[in-house]
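Undergrad: This is the structure I want to talk about, given as structure tokens.
Residue numbers (our numbering): 507 to 851.
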């Protein structure tokens with residue numbers, strides 16, 4: 507089961523329904539079976555689930571009868587930083603592109619992403635990698651096209667110019683007409699590749715963002731953290747499971763053990779969690795990552811010690827899990843925390 511955040515802003519759905527109507531798809535066809543109402547669509551403060559947005563995207567693709575190769579790219583053009591609320595404002599206020607990316611990945615659950623996004627640096631180059639294996643097949647090409655195009659839009663918003671790229675790769679096959687991709691990325695992407703990625707010169711990471719303001723960035727990050735905490739608050743059976751996991755993070759029990767403590771079978775527990783839009787694995791990851799962040803903020807504790815405290819059999823397993831969830835290594839996360847504390851003095 508995919509582990510996307512349960513709730514997200516209505517903004518993405520608003521952008522997608524407008525795009526669909528612009529290409530001749532009726533609003534009723536977009537919203538069919540999604541559970542999203544017109545009232546919600548007109549309420550800028552409304553929230554929807556990740557599954558509802560996926561259902562909407564599936565409706566748009568099916569209404570076309572076939573996938574139009576430029577539709578996802580055009581969608582990505584519309585995801586300006588202003589559409590992300592406080593998360594977008596935090597990025598604009600960051601000192602450099604590197605810090606903007608790190609902050610963005612720390613709070614990526616406040617966005618509309620369906621991909622696991624990571625930043626990798628090697629030699630003098632940098633890559634943003636988008637892993638979309640958990641996305642339903644019907645929606646996968648649209649979403650990778652959308653999100654890769656949205657990366658361009660965000661960088662354009664930060665610097666008021668298109669970023670010079672070294673390479674762009676897609677896992678999906680090349681469409682009959684690749685010119686929309688060439689126009690969007692300023693080069694000819696490679697298709698049928700092992701990963702979805704955007705490659706650029708590493709020196710771009712240290713570019714100063716024109717509207718940077720460390721004080722505002724820090725304030726925005728505090729608001730991002732508060733909003734993420736509110737959205738991650740659990741209720742019902744999920745909250746009870748989370749409470750049990752928090753009592754023994756060094757020895758995470760199997761689902762069967764937790765189910766027994768809740769006086770139900772593991773099958774019943776799984777059904778309850780599914781109804782609440784989460785999985786047992788997601789709750790385990792949430793608990794471990796929340797505790798990892800707290801431990802990384804402390805002095806005098808090593809990554810190896812943290813991995814033991816959180817019940818990982820190997821340090822490498824902890825490193826992989828942390829990077830998958832946070833988009834950066836524990837070391838990079840800790841360095842960012844230290845830098846932010848230094849700036850606050």
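The beta carbon of each residue, even a glycine, is placed where N, CA and C say it ideally should be.
#1: Residue 466 bridges to which residues according to DSSP?
#2: Report all residues from its chain with a CB closer than 7 Å to the CB of residue 659; omit the five preceding and five following residues, and keep chain order.
#3: Between which two residues does the alpha helix (DSSP H) containing residue 622 stretch?
#4: Suppose the cutoff is 8 Å on Cβ atoms and the five residues either side in sequence are ignored; what does the same chain contact list for residue 851 look like?
#5: Going by Cα to Cα distance, which pick from 549, 519, 602, 553 is closest to residue 566?
#6: What number of angstroms, rounded off, separates the C-alpha of residue 757 from the C-alpha of residue 618?
#7: Could you tell me how far apart the beta carbons of residue 600 and residue 718 are, in whole angstroms, since I believe they sit closer than 8 Å?
#8: At the level of alpha carbons, what is the spacing between residue 796 and residue 623?
#9: Give the C-beta separation of residue 748 and residue 789 to the nearest angstrom, bearing in mind that I take them to be a contact with Cβ-Cβ under 8 Å.
#10: Looking at the unbroken alpha helix (DSSP H) that takes in residue 753, where does it start and where does it end?
#11: So residue 599 is in the alpha helix (DSSP H); what residue range does that whole segment cover?
#12: If distances are taken between C-alpha atoms only, which option among 764, 630, 664 comes closest to residue 610?
#13: What does the Cβ neighbour count give for residue 514, buried or exposed, with the cut at 16 atoms within 10 Å?
#14: Give the secondary structure of residue 851 by DSSP, where H, G and I count as helix, E and B as strand, and everything else as coil.
#15: Please report the straight-line C-alpha distance between residue 577 and residue 648, rounded to a whole angstrom.
#16: For my contact list, residue 704 and residue 654 are in at a C-beta cut-off of 8 Å; report their separation, rounded to the angstrom.
#17: Who are the Cβ neighbours of residue 536 in its own chain at under 7 Å, not counting the five residues just before and after it?
TA: Let me lay it out:
#1: Look at the range of the chain in this structure, 507 to 851, and you will see that residue 466 is not part of it.
#2: Here residue 659 refers to the residue found at position 153 when the chain shown is read from its first residue. Cβ neighbours of residue 659 beyond the five flanking positions: 582, 583, 585, 586.
#3: Translated into positions along the chain shown, residue 622 becomes position 116. It is not in any alpha helix (DSSP H) - residue 622 instead sits in the beta strand (DSSP E) that spans 622-628.
#4: Taking the first residue of the chain shown as 1, we reach residue 851 at position 345. Residue placement at residue 851 cannot be trusted, given a pLDDT of 47 that sits under 50; what the coordinates show is reported in the next sentence. No residues qualify anywhere along the chain.
#5: Residue 566 sits at position 60 when you count from the first residue of the chain shown. Closest by alpha carbon: 519.
#6: Counted from its first residue, the chain shown places residue 757 at position 251. Counted from its first residue, the chain shown places residue 618 at position 112. Each residue's alpha carbon lies about 33 Å from the other.
#7: Position 94 of the chain shown holds residue 600. Position 212 of the chain shown holds residue 718. Between residue 718 and residue 600 the Cβ distance is about 6 Å, and since that is below 8 Å, they are a contact.
#8: As a working note, residue 796 is residue 290 in the chain shown. As a working note, residue 623 is residue 117 in the chain shown. So the two alpha carbons sit approximately 19 Å from each other.
#9: Mapped onto the chain shown, residue 748 falls at position 242. Mapped onto the chain shown, residue 789 falls at position 283. With a Cβ gap of about 5 Å, residue 748 and residue 789 count as contacting.
#10: Residue numbering aside, residue 753 sits at position 247 when the chain shown is read from its first letter. Segment 742-753, the alpha helix (DSSP H) holding residue 753.
#11: Sequence index remark: in the chain shown, residue 599 carries index 93 (1-based). 592-599 is the extent of the alpha helix (DSSP H) around residue 599.
#12: Taking the first residue of the chain shown as position 1, residue 610 is located at position 104. For residue 610, the nearest C-alpha among the options comes from 664.
#13: Your numbering for residue 514 matches position 8 in the chain shown. The residue is buried, with at least 16 neighbouring Cβ atoms inside 10 Å.
#14: If you number the chain shown from 1, residue 851 lands on position 345. Here the model assigns residue 851 a pLDDT of 47, short of 50, so the residue's position is not dependable, and the following value carries that caveat. In this structure, residue 851 counts as coil in the three-state DSSP scheme.
#15: By 1-based counting over the chain shown, the position of residue 577 is 71. By 1-based counting over the chain shown, the position of residue 648 is 142. Roughly 7 Å between the two C-alpha positions.
#16: Reading the chain shown from its first residue, position 198 is the one you call residue 704. Reading the chain shown from its first residue, position 148 is the one you call residue 654. Between residue 654 and residue 704 the Cβ distance is about 6 Å, and since that is below 8 Å, they are a contact.
#17: Position 30 of the chain shown, counting from 1, holds the residue named residue 536. Closer than 7 Å at Cβ, skipping near neighbours: 523, 526, 562, 565, 566.
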